[in-house]
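These notes are about the structure you will find just below.
There are 2 protein chains.
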Amino acid sequence: MYQQMKTDSSDLMVLRTSSLTGVLERELEHLILTGELKPGERLNEIQISTRFGTSRGPLREATRSLQAKGLVDIIRNRGVFVRSVSAKEALEIYDVRAAVFGLAGRLLADLVTDQILTRLNAFLDQMDEIAAGKDFDQYYPVNLAFHDYLVTSTGNETLVKEYKSFVNKLHLARARGLVQAGGLSVSNREHREMVDALASGNRERAQEAFFRHVERSKIRFRSTLEALDPPVES
Amino acid sequence: MYQQMKTDSSDLMVLRTSSLTGVLERELEHLILTGELKPGERLNEIQISTRFGTSRGPLREATRSLQAKGLVDIIRNRGVFVRSVSAKEALEIYDVRAAVFGLAGRLLADLVTDQILTRLNAFLDQMDEIAAGKDFDQYYPVNLAFHDYLVTSTGNETLVKEYKSFVNKLHLARARGLVQAGGLSVSNREHREMVDALASGNRERAQEAFFRHVERSKIRFRSTLEALDPPVES
DNA sequence: CCGATGTTTATTGCCTACAATTGAATATCG
DNA sequence: CGATATTCAATTGTAGGCAATAAACATCGG
Numbered sequence: 001m002y003q004q005m006k007t008d009s010s011d012l013m014v015l016r017t018s019s020l021t022g023v024l025e026r027e028l029e030h031l032i033l034t035g036e037l038k039p040g041e042r043l044n045e046i047q048i049s050t051r052f053g054t055s056r057g058p059l060r061e062a063t064r065s066l067q068a069k070g071l072v073d074i075i076r077n078r079g080v081f082v083r084s085v086s087a088k089e090a091l092e093i094y095d096v097r098a099a100v101f102g103l104a105g106r107l108l109a110d111l112v113t114d115q116i117l118t119r120l121n122a123f124l125d126q127m128d129e130i131a132a133g134k135d136f137d138q139y140y141p142v143n144l145a146f147h148d149y150l151v152t153s154t155g156n157e158t159l160v161k162e163y164k165s166f167v168n169k170l171h172l173a174r175a176r177g178l179v180q181a182g183g184l185s186v187s188n189r190e191h192r193e194m195v196d197a198l199a200s201g202n203r204e205r206a207q208e209a210f211f212r213h214v215e216r217s218k219i220r221f222r223s224t225l226e227a228l229d230p231p232v233e234s
Numbered sequence: 235m236y237q238q239m240k241t242d243s244s245d246l247m248v249l250r251t252s253s254l255t256g257v258l259e260r261e262l263e264h265l266i267l268t269g270e271l272k273p274g275e276r277l278n279e280i281q282i283s284t285r286f287g288t289s290r291g292p293l294r295e296a297t298r299s300l301q302a303k304g305l306v307d308i309i310r311n312r313g314v315f316v317r318s319v320s321a322k323e324a325l326e327i328y329d330v331r332a333a334v335f336g337l338a339g340r341l342l343a344d345l346v347t348d349q350i351l352t353r354l355n356a357f358l359d360q361m362d363e364i365a366a367g368k369d370f371d372q373y374y375p376v377n378l379a380f381h382d383y384l385v386t387s388t389g390n391e392t393l394v395k396e397y398k399s400f401v402n403k404l405h406l407a408r409a410r411g412l413v414q415a416g417g418l419s420v421s422n423r424e425h426r427e428m429v430d431a432l433a434s435g436n437r438e439r440a441q442e443a444f445f446r447h448v449e450r451s452k453i454r455f456r457s458t459l460e461a462l463d464p465p466v467e468s
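Protein chains in written order, with the working numbering: chain A, 1 to 234; chain B, 235 to 468.
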């Protein structure tokens with residue numbers, strides 16, 4: 001399948017600017033985030049490297065990078081494993097993500113323009129429309145784009161990077177797809193609250209609205225989790 | 235100096251549990267954060283690997299990890315360079331750090347105990363004492379321990395990790411030591427405000443107090459920066 | 001004297017090979 | 001038959017070597 005990658009001209013072009021390690025890293029990250037490689041699954045070095053037509057060296061460098069990003073665990077003399085995020089950790093991440101997203105709201109309240117507000121309202125209308133049709137597969141990507149647009153508009157690249165990193169890690173939560181669950185029309189009202197807060201130009205109000213939106217997602221996540229699992233404690 | 239590291243028994247013990255890559259990574263991270271390796275400086279693979287008595291393989295894996303952590307930049311066919319954080323990025327980091335630290339305040343307000351408050355007040359008294367003597371070298375580590383104790387007490391390991399990562403990156407800001415500057419007695423009043431907010435048990439108040447503490451550090455940082463540099467804009 | 005082009009040299013990117021470790025299958029003993 | 005010791009295959013950890021790249025230097029023409 002990937003055997004002759006080395007001789008593929010388009011890939012060679014990529015190698016001009018990006019190293020083999022970088023290519024492997026992106027490719028593996030994609031496999032992990034799409035769920036093709038599932039949490040807990042082991043990554044056999046020989047198998048993967050031959051699959052991509054490289055040696056083990058670059059692959060090992062790529063996995064070290066993924067480890068630092070929190071996408072895999074490396075156990076000495078045992079191998080590389082796709083990270084599985086526990087419920088406890090997922091809840092932790094939700095909180096930190098809420099804080100970072102709240103900051104996005106706070107920053108945006110100060111620099112929001114009519115142009116941005118128009119764009120945001122367009123998003124809201126689009127999501128309302130989709131939600132009415134209960135077409136979940138369409139709703140999710142738009143919802144994602146909406147949040148993406150918000151954090152990106154802050155102009156704070158550090159914030160964007162961190163936020164996306166959290167979203168990625170949540171994809172590794174055991175209950176895959178739970179992250180998306182409970183969304184739709186329920187959360188679009190929260191979205192409107194956020195945009196309204198931005199329009200008011202009130203920093204604290206916007207921060208709180210953004211923060212609480214993620215906190216509510218966390219609560220929905222936990223509910224879905226407890227519905228499937230024995231609630232550990234009273 | 236480090237030539238016979240391989241034969242040092244204590245280091246071999248470490249290798250039982252931790253890989254050579256891991257040791258190199260920690261060692262390099264230490265060199266970078268202490269400033270022994272300065273921002274912009276290039277890390278010669280042969281030089282470093284012979285210095286530590288290893289081959290280039292594990293070293294390259296270690297640097298990939300450091301790249302993902304944001305401590306070095308790797309340019310293809312050019313080498314790895316200690317990351318230098320621009321003023322713009324430093325200000326960005328301050329904001330995100332403020333958000334995360336604010337979350338720490340919010341979480342702590344809900345689970346603070348008399349025991350923790352006692353410990354915190356002891357920190358405050360100690361810092362007051364040191365600040366009175368204007369002994370900066372003593373103040374800084376205590377200040378660090380205070381903040382460390384705060385974030386750790388939240389029990390949210392994700393938060394702790396992120397917070398420390400931000401503090402580390404700020405060490406790479408061009409104006410080294412600026413991060414520490416402007417502290418002392420000025421900020422200890424803010425520290426008391428934070429602890430008071432915790433004692434009140436008011437979530438939002440604590441969050442805001444924690445958040446603003448870091449924001450004020452950011453402002454002090456920017457002031458010191460502009461005093462040295464041409465203020466870029468009006 | 002200065003800029004453009006060719007050459008050298010240091011350094012990185014990648015690969016192959018060997019050593020060390022682990023986990024499991026197998027054998028041995030109570 | 002069950003538990004423990006032992007061997008063995010699979011896999012990772014590390015080392016060293018060759019090719020490719022880019023920067024530094026020298027050379028040539030204007």
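Each residue gets a CB set at the ideal place from its N, CA and C atoms; glycine is no exception.
Among the options, the one whose alpha carbon lies nearest that of residue i
i              : options                        : result
H213 (chain A) : A:R42, A:A98, A:T21, A:I74     : A:A98
E263 (chain B) : B:V316, B:N311, B:S283         : B:V316
R450 (chain B) : B:H425, B:Q349, B:I309, B:A296 : B:H425
F146 (chain A) : A:T158, A:L37, A:A122          : A:A122
K38 (chain A)  : A:T54, A:G22, A:R26, A:S84     : A:S84
N168 (chain A) : A:A199, A:V23, A:G53, A:I93    : A:I93
N311 (chain B) : A:Y149, A:S18, A:V80, A:V142   : A:S18
G287 (chain B) : B:D329, B:L378, B:V257         : B:V257
R26 (chain A)  : A:L198, A:T63, A:F221, A:Q115  : A:T63
D95 (chain A)  : B:G274, B:V429, B:K398, B:L393 : B:L393
F445 (chain B) : B:Y383, B:G313, B:L337, B:R290 : B:L337
L170 (chain A) : A:M194, A:F221, A:M127         : A:F221
D430 (chain B) : B:M361, B:D382, B:P292, B:L351 : B:L351
E41 (chain A)  : A:K161, A:G79, A:Q115          : A:G79
E396 (chain B) : A:P58, A:T50, A:R51, A:V100    : A:V100
Status (buried if at least 16 other CB within 10 Å, exposed otherwise) for residue i
i              : result
L172 (chain A) : buried
S185 (chain A) : Caution applies to S185 (chain A), whose pLDDT of 49 falls short of 50 and renders its modelled position unreliable; the value that the coordinates give is listed next. So S185 (chain A) ends up on the exposed side.
R60 (chain A)  : buried
I32 (chain A)  : buried
I309 (chain B) : exposed
R289 (chain A) : Missing from the structure shown is residue 289 (chain A); chain A here goes from 1 to 234 and no further.
L462 (chain B) : exposed
L66 (chain A)  : buried
D125 (chain A) : exposed
N188 (chain A) : buried
L20 (chain A)  : buried
T113 (chain A) : exposed
K452 (chain B) : buried
T34 (chain A)  : exposed
S200 (chain A) : exposed
S223 (chain A) : exposed
L226 (chain A) : Note that residue 226 (chain A) is Glu in the sequence shown here, rather than Leu. When all chains shown are included, E226 (chain A) counts as exposed.
L246 (chain B) : With a pLDDT of 39 at L246 (chain B), under the threshold of 50, the modelled position of that residue is not reliable, and no figure is offered here.
L144 (chain A) : exposed
M361 (chain B) : buried
S55 (chain A)  : exposed
Y149 (chain A) : exposed
E157 (chain A) : exposed
E36 (chain A)  : exposed
The ligand GTP heavy atom lying under 8 angstroms from the CB of residue i
i              : result
L393 (chain B) : Absence of the ligand GTP from the depicted structure is noted, as is the absence of any ligand whatsoever, leaving it without description.
I want to know whether the region 377–392 of chain B touches the region 338–348 of chain B - three or more CB-CB distances under 8 angstroms. yes
Please confirm if the region 321–336 of chain B is in contact with the region 29–48 of chain A, defined as three or more CB-CB distances below 8 angstroms between the two stretches. no
Under 8 angstroms, with one C-beta from each stretch per pair, do the region 365–379 of chain B and the region 433–453 of chain B reach the 3-pair mark? no
Three or more C-beta pairs below 8 angstroms linking the region 297–309 of chain B and the region 124–135 of chain A: no
In chain order, what are the residue ranges of uninterrupted beta strand (DSSP E) at least 3 long that sit wholly in the region 250–336 of chain B? 306–309, 313–316
Taking any Cβ of chain A, which residues in the region 415–446 of chain B have a Cβ under 7 angstroms from it, in chain order? none
Got a sec: which bits of the region 71–83 of chain A sit with their beta carbon under 7 angstroms from any beta carbon on chain B, in order along the chain? R76
To be precise: take each residue of the region 352–371 of chain B, compare its Cβ to all Cβ atoms of chain A, and keep it if any distance is under 9 angstroms. Which residues remain? none
At which residue ranges does the region 120–174 of chain A contain complete alpha helix (DSSP H) runs of 4 or more residues, listed in the order of the chain? 136–153, 157–170
Mind listing which residues of the region 382–394 of chain B have their C-beta closer than 7 angstroms to chain A's C-betas, in chain order? N390, E391, T392, L393
Contact list for the region 322–336 of chain B against chain A, Cβ threshold 8 angstroms: E323, E326, I327, D329, V330, A332, A333, V334, G336
Which residues, taken in chain order from the region 23–40 of chain A, show a beta carbon closer than 7 angstroms to some beta carbon of chain B? none
What are the residues of the region 55–67 of chain A that lie near chain B, defined by any Cβ-Cβ distance shorter than 9 angstroms? G57, R60, E61, A62, T63, R64, S65, L66, Q67
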